[in-house]
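Chemist: Protein chains in written order, with this note's numbering: chain V, 1 to 440; chain S, 441 to 756.
#1: Measure from the alpha carbon of residue 641(S) to the alpha carbon of each residue in 629(S), 687(S), 654(S) and 701(S), then state which is nearest.
#2: Could you tell me which chain V residues have their CB closer than 9 Å to the CB of residue 691(S), listed as they occur along the chain?
#3: With 16 other CB atoms within 10 Å as the buried threshold, where does residue 39(V) fall?
#4: What's the call for residue 515(S), buried or exposed, on a 16-neighbour Cβ count within 10 Å?
#5: Going by alpha carbons, who is nearest to residue 629(S) out of 542(S), 485(S) and 466(S)?
#6: Whole alpha helix (DSSP H) runs in the stretch 231-301 of chain V with 4 or more residues, listed along the chain?
#7: Would you call the stretch 246-264 of chain V and the stretch 143-157 of chain V touching, i.e. three or more CB-CB distances under 8 Å?
#8: Alpha carbons only, please: which of 424(V), 434(V) and 409(V) is nearest the one belonging to residue 452(S)?
#9: Looking at the C-beta of residue 682(S), does it have a partner C-beta in chain V at a distance below 8 Å?
#10: Name the chain S residues whose beta carbon is nearer than 7 Å to that of residue 250(V)?
#11: Residues of the stretch 382-407 of chain V with a CB closer than 8 Å to any CB of chain S: list them in chain order, please.
#12: Anyone know if the C-beta pair for residue 99(V) and residue 85(V) falls short of 8 Å?
#13: Establish whether the CB of residue 700(S) and some CB of chain V are separated by less than 8 Å.
#14: Looking at chain V, which residues of the stretch 550-566 of chain S have a Cβ within less than 9 Å of any of its Cβ atoms?
#15: List the endpoints of the continuous alpha helix (DSSP H) containing residue 372(V).
#16: On the three-pair Cβ rule with 8 Å, is the stretch 203-210 of chain V touching the stretch 230-250 of chain V?
#17: Would you mind reading off the limits of the alpha helix (DSSP H) that contains residue 188(V)?
#18: Taking C-beta pairs closer than 7 Å, name the residues in chain V that residue 509(S) reaches, listed in chain order.
#19: Ignore the nearest five residues each way along the sequence and tell me which others in residue 646(S)'s own chain have a CB closer than 8 Å to its CB.
#20: List the residues of chain V whose Cβ lies closer than 7 Å to the Cβ of residue 644(S), in chain order.
#21: Pick helix, strand or coil for residue 28(V), following the three-state DSSP scheme.
#22: Taking any Cβ of chain V, which residues in the stretch 447-463 of chain S have a Cβ under 7 Å from it, in chain order?
#23: Leaving out five residues before and five after residue 78(V) in sequence, what residues of the same chain have Cβ atoms less than 7 Å from its Cβ?
#24: Please report the straight-line C-alpha distance between residue 1(V) and residue 342(V), rounded to a whole angstrom.
#25: Counting Cβ pairs closer than 8 Å, one from the stretch 145-154 of chain V and one from the stretch 296-314 of chain V, do we hit at least three?
#26: So is residue 442(V) in contact with chain S if we call contact Cβ pairs under 8 Å?
#27: Determine the extent of the alpha helix (DSSP H) in which residue 695(S) is found, giving its start and end residues.
#28: Measure the Cβ-Cβ separation of residue 186(V) and residue 41(V) and say whether it is below 8 Å.
#29: Distance cutoff 8 Å, beta carbons only. Does residue 607(S) sit that close to anything in chain V?
#30: Give the secondary structure of residue 96(V) by DSSP, where H, G and I count as helix, E and B as strand, and everything else as coil.
#31: For residue 356(V), return the contacting residues in chain S, with the cut-off set at a CB-CB distance below 8 Å.
#32: Taking the straight line between their C-alpha atoms, what separation do you get for residue 334(V) and residue 324(V)?
#33: Tell me whether residue 751(S) is buried or exposed, calling it buried when 16 or more other Cβ atoms sit within 10 Å of its Cβ.
#34: Output, in sequence order along the chain, the residues in the stretch 212-243 of chain V whose CB is closer than 7 Å to any CB in chain S.
#35: Could you tell me how far apart the beta carbons of residue 213(V) and residue 177(V) are, in whole angstroms, since I believe they sit closer than 8 Å?
#36: Rounded to the nearest angstrom, what separates residue 579(S) and residue 607(S) at their Cα positions?
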């Protein structure tokens, strides 16, 4: 049997060899830490600390505001210094809590349980909800919401998305390699939440060592299996991974749970395990500091709120001043205008590029080559959608299913005319989605 | 850090393929046929090739200059048009008619519609058809080959015998670039291997054309007759280098299948029932006009959508 995959997609330069062979290094920040109140999809968290208050690692500093929201915990011990607007990766200034690190690294007592199998479904979900875990692949969707579908008995598959298809990123790879137990134990807990579910751990075939380790740990476990996926971008996309592993097709009008699937990111699952078993909230995450402009590219275990500039120093500084810095991967990450931004729950990487490949080329006329159609995983016609947007024809854009785009960037990557296809389609899609919301 | 970094919307990486590189690949792929044509028909063919390419590039350059538009000759598409057009000329064509053809292709077919990507007909072929109609005598004045007086296709149409092996190699009469099937196929393999063209259009074209000839060719299941038709005239050059022109062919695979089939049927119709022995140029030009319609009926269904019919059945 060949490795599982989907139709479309691209093979950009992977760049993973820069950082994949170095173990994760713990990083201890020295400056102030910044915690934006909105690090997830849903309502921003509400601060529960006051200025001057002393906090410890793992202490709640902002609570969830409603069901679709997530609490935020201190990642260092220190003093609450201010509430201020600070820049995030999208270059917006957002409400944040600022904590001055006292470098003592005291933490609160965690509520560890002896045997997780004795916990009830509600207790497990409550522990996950309390821990503030969101989709750590970049989406930032509060995970307890994902795990609370209307009809839990209809869930057939829990899919662990360990594809890590974005080029340059190796944080999920290193985590899986160094702590495969957390992934497997986490999956066992998650599968136990649903009476009819089995687990699928989906890994791209460029990580044979992870596949082997995880498979060995699954010896004797009947209801969880490893699925090997082809290495192709965007293999880790929700629709692509559901199709590759189950053959089911998701579109924008339904949720994965309607197809009996729940897809969770590998780092999220591992943190959920730590939350359920050890009672530890989400305070740290693995961040890949990489790119041709970095002296010593590697992965760091970073307290949330750490400033990007500190991490560059920790990774040996710059070889040369980069032209572009991306928060996340090169296909879907955000280009940042400066580095004075904090690591948040969804920060998977900081990619420092010596050259800006977008500025290198000039956009020319579409030559109708059809390459964008070939690579589009959503089976759209990107060149036509972009053309409709040039004429600002939103109705035509919607009629051609522009809203089905997931902004993976394949069309933009492949385009020989170097048109900014994804950007134009993104604009159209956002307009369509806003209009739909208004109608409701 | 004081200076601001570059920002842009994702994705932040680009593949290395550009329009210019695609055009360069097409030029390289056309070289075997070009070189063979020059060896076969003599050095004046080279003059025609250079004059036509020069006219095309100059026309585009001056057009952009006069209209104060951004210069686009760097994309090499004018070179491709000029080369293809020259390969469609007989080696006896007066050089000033090559200038007329090149000017027509670039000015009337390409630039007035907005330049590369906006033209609805293949410029080289449209210019060829214009030349065939306007200067019929010159455009069909093929040099005599050792065996007779006409091209293999005209002899085939008149019911005379042809040497298929010679046609495959290309030692026959015809336009500069169309005679050598082997040289064209070498170029086609280069383009296919580089992923510049896909096999759908030429494959469907040749398949449909073969079926048409076998069914309606009035020769029954005659393999010799079929091979002669496949190797004769502009079929191979047209199928691999002109029907596959991105701008004037459908954008989806489904559309390309339909387009290839229409090309095969039309070429067969023109060759068997038409007045002229040739049919490829007019078949492609006519099919170019159908491309917007083909595109309209061949738009793909997005991922995760079912055909409306199936849903209806499910509801019953």
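The beta-carbon is built from N, C-alpha and C at its ideal position, and this holds for glycine as well. Source: prediction; values computed, not measured.
Modeler: Taking the coordinates as given:
#1: Among 629(S), 687(S), 654(S) and 701(S), the Cα nearest to that of residue 641(S) is on 701(S).
#2: 368, 369, 370, 372, 373, 381, 383 and 384
#3: Counting Cβ neighbours within 10 Å, residue 39(V) comes out buried, since at least 16 surround it.
#4: buried
#5: 466(S)
#6: 238-246 and 266-278
#7: yes
#8: 409(V)
#9: no
#10: 744
#11: Listed in sequence order: 383, 384, 400, 401, 404 and 407.
#12: No, the Cβ-Cβ distance between residue 99(V) and residue 85(V) is not below 8 Å.
#13: Chain V, which has no Cβ nearer than 8 Å to the Cβ of residue 700(S), makes this no.
#14: 554, 555, 556, 557 and 558
#15: 371-375
#16: Yes, the stretch 203-210 of chain V is in contact with the stretch 230-250 of chain V.
#17: The continuous alpha helix (DSSP H) containing residue 188(V) extends over residues 180-192.
#18: Going along chain V, no residue has its Cβ under 7 Å from residue 509(S), so there is no contact; the nearest lies around 11 Å.
#19: 670, 675, 679 and 704
#20: Going along chain V, no residue has its Cβ under 7 Å from residue 644(S), so there is no contact; the nearest lies around 15 Å.
#21: coil
#22: 447, 448, 449, 450, 451, 452, 453, 454, 455, 457, 458, 459 and 462
#23: 55, 99, 100, 101 and 102
#24: In this prediction, residue 1(V) scores a pLDDT of 49, lower than 50, which makes its location untrustworthy; the coordinate-derived value is nonetheless stated afterwards. Roughly 44 Å separates the two Cα atoms.
#25: no
#26: Outside the shown range of chain V (1 to 440) lies residue 442(V), about which nothing can therefore be said.
#27: It spans 693-713 - the alpha helix (DSSP H) in which residue 695(S) sits, taken as one unbroken run.
#28: no
#29: no
#30: DSSP places residue 96(V) in strand when its eight states are reduced to three.
#31: 446, 448 and 452
#32: 10 Å
#33: No answer about residue 751(S) holds up, because its pLDDT of 43 lies below 50 and its placement is not dependable.
#34: Flagged, chain order: 239.
#35: 7 Å
#36: 20 Å
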